[in-house]
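Q: Quick one: this structure, given as structure tokens, is what I'll be asking you about.
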Amino acid sequence: MSEPAGGPLLRALRVVHRIEDGLIAVLLGSMVVLAGGQILLRNVLTGGAGWVDPLLRILVLWVGLLGAVSASRSGKHIAIDAAVRALPPRARCMARAFTCLFTATVAGLIAVHSARFVAMDYEARVVAFAGVPTWVLELVLPVAFALIALRYLLRAAVHVHTSLRRPTAASCNP
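Take the sequence shown: its letter number 81 is residue 81 in my numbering, and every next letter is one higher.
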């Protein structure tokens with residue numbers, strides 16, 4: 001029995017997608033539990049854990065960026081493409097390739113500069129709370145934007161490849 005083209009790669013991608021989705025679910029669940037616990041502690045014991053509020057702010061950042069990575073995976077991001085829909089299939093593929101390259105470039109630049117930001121906090125040995133270094137909490141910034149850049153770069157390559165063949169109206173959708 002032969003495996004379809006890209007079989008091992010597709011399986012690996014599905015595993016990565018499940019890990020991303022699982023991480024988002026765990027972080028979101030942790031936020032609910034921590035916020036609920038903090039409310040109980042404040043109302044019952046007239047005080048809460050001082051580290052919970054800063055951790056919740058960091059978790060919001062992580063969930064938001066991992067959600068953006070997930071949206072980039074499935075093409076469910078915000079897009080204004082009314083004009084692109086009116087183009088013939090080959091031009092549509094090229095227009096989508098261009099916008100994907102532009103998005104990959106912007107996300108790549110953000111990844112590079114956020115990595116520089118994380119490195120500065122690493123060198124300065126800044127501590128966020130409870131002895132946790134700030135740079136560890138900020139690592140999601142360059143990683144998430146690098147993943148988004150990589151996904152859009154790959155998507156651009158797919159659109160270019162499709163435009164060189166005989167594209168149909170459906171083959172160049174996001």
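All C-beta atoms, glycine included, are put in the ideal place defined by N, C-alpha and C.
Computed from a prediction, not measured in an experiment: that's the story for all the values here.
Do R96 and H159 have their beta-carbon atoms positioned less than 8 Å apart in this structure?
A: yes
Q: Answer yes if the segment 43 to 61 comes into contact with the segment 106 to 124, meaning at least three C-beta pairs across the two stretches below 8 Å, and no otherwise.
A: Using a C-beta cut-off of 8 Å, the segment 106 to 124 makes no contact with the segment 43 to 61, since fewer than three inter-stretch Cβ pairs fall below that distance.
Q: Go ahead and pull the three-state DSSP assignment for V52.
A: helix
Q: Assign A71 to one of three DSSP states: helix, strand, or coil.
A: In the three-state reduction of the DSSP assignment, A71 falls in the helix class, which pools H, G and I.
Q: So, are the CB atoms of T134 and V127 less than 8 Å apart?
A: yes
Q: Find out if the Cβ-Cβ distance for the pair A156, A107 is shorter than 8 Å.
A: For the 8 Å CB-CB criterion, A156 and A107 do not form a contact.
Q: I'd like the list of long-range same chain contacts for L61, defined as Cβ closer than 7 Å, with 5 residues on each side in sequence excluded.
A: Counting only Cβ-Cβ distances below 7 Å, and skipping sequence neighbours, we find V140.
Q: Relative to the C-alpha of V63, which candidate in V132, S114, P8 and I24 has its C-alpha closest?
A: I24
Q: Would you say L153 and A104 are within 8 Å of each other, going by their C-beta atoms?
A: It is a contact, given that the beta carbons lie within the stated cut-off.
Q: Can you name the start and end residues of the beta strand (DSSP E) that A128 belongs to?
A: V127 to F129
Q: Could you tell me which whole beta strand (DSSP E) segments of length 3 or greater appear in the segment 120 to 169?
A: For the segment 120 to 169, whole beta strand (DSSP E) runs of length 3 or above, ordered along the chain, are 127 to 129.
Q: In whole angstroms, what separates the C-alpha of A49 from that of L55?
A: One Cα belongs to A49, the other to L55, and the distance between them is close to 11 Å.
Q: What residues in its chain sit with their C-beta under 7 Å from that of L87, if we drop five residues either side in the sequence?
A: A95
Q: Check each candidate in L28, L27, D53 and V26 and name the one with the smallest Cα separation from Q38.
A: D53
Q: Excluding the 5 residues flanking L28 on each side, which residues of the same chain have their C-beta closer than 6 Å to its C-beta?
A: V63
Q: Given that a residue counts as buried once 16 or more other Cβ atoms are within 10 Å of its Cβ, and exposed if not, what is P142?
A: buried
Q: Please list, in chain order, all residues of the same chain as W51 whose beta carbon is under 8 Å from its beta carbon, the five residues on each side excluded.
A: F129 and A130
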